[in-house]
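Its first residue numbered 137, the sequence shown is counted upward by one per residue in the numbering used here. Yeah, the Cβ is synthetic: ideal placement off N, Cα and C, and Gly gets one too. Quick notes on the structure that follows.
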Amino acid sequence: MTSEYAAAEDETTVETTAGRPEAAPPADGRGPATRGEAGRARIAQLVNGHVSGDGQGKAARKPRRMTSEERFEQIVDVAVRLIGEKGYYGMSLQDIANEIGVSQTAVIHRVKSKQGLLIAVIERHYDKIDAIERYLSLFEPGGAREGGRPRVPEALRRVVEQNSRQPEMVKVFEMLNTEAMSPTHPAYAYFAERPERLARQFREHEWAVPDGVDAEFVYMLANAAMYGLEGRWLANPDKIDFVAEWDRYADYLFPSPLWDGYR
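See below:
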């Protein structure tokens, strides 16, 4: 299938009816009034309510064509949900095509391959600006807290708050993180290198921590605790309040009086 044909599938498929006059009444002027009313109502429905006083349908405005970027985002969003439900290996490009009503070729036209789709999911949803980066930006030149030092408990709670609002994304992360333990998985390198990326991100800032505390170790330990809690939460979302449970974790990770004034 050509790229032009694949792109054409981005166009909304809803058809409109326009310019169809309703059927003329019987010659003797008789006929069920309800038939004419129903006909006019149906025509009005077909053309989105644009019916003139004489019952003639007016041309409906054609639906806007979905742009290439919008279609790409749609594919990635559906992939996120399906990976969360089935895992990377359980999901197929045909599944995505079926979900959005296009051919598999149209999906391939956008993402090139299943591995390319996975990379898009990671780049769009994991490598984009997140709660930690937004928090750290407050302490940079021009930030609302410029000159101050970020605090580990405060930063991690923001991550928890963010993740509590997007359980589907957390589920995808957990699923991929488990699958990617195999060196043959296309996301293996991303997840294998992620702890070091977190550590580098941490080292780029001077954190406010109590004297004698290994700030980086505590940060990585707390992240590990968070991932464990996420698994419990996803398994029992109706029984576990993720944010409230994290606050309990934080009481042990950052105990008083040592961490008083550093939260």
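A direct Cα-to-Cα measurement between Thr241 and Ala215 gives close to 16 Å.
Distance check between Glu332 and each of Glu352, Thr314, Val345, Met362 places Glu352 closest, using alpha-carbon atoms only. DSSP places Ala323 outside both helix and strand once states are collapsed to three, so it counts as coil. Linking Ala291 to Leu365 through their CA atoms gives a straight-line distance of about 17 Å.
Under the three-state reduction of DSSP output, Arg294 falls in the helix class.
Between the stretch 265-285 and the stretch 294-308 there are three or more C-beta pairs closer than 8 Å, enough to call the two in contact.
Within a 10 Å sphere around the beta-carbon of Tyr225 sit fewer than 16 other beta-carbons, which makes this residue exposed. For Ser249, the closest C-alpha among the options Arg301, Gly220, Leu229 is that of Leu229. The residue among Ala256, Gly220, Glu221, Arg201 with its C-alpha nearest the C-alpha of Ile211 is Ala256. Take the alpha-carbon of Asn313 and the one of Tyr398: they are about 31 Å apart.
By the beta-carbon neighbour count (other beta carbons within 10 angstroms, threshold 16), Leu254 is buried.
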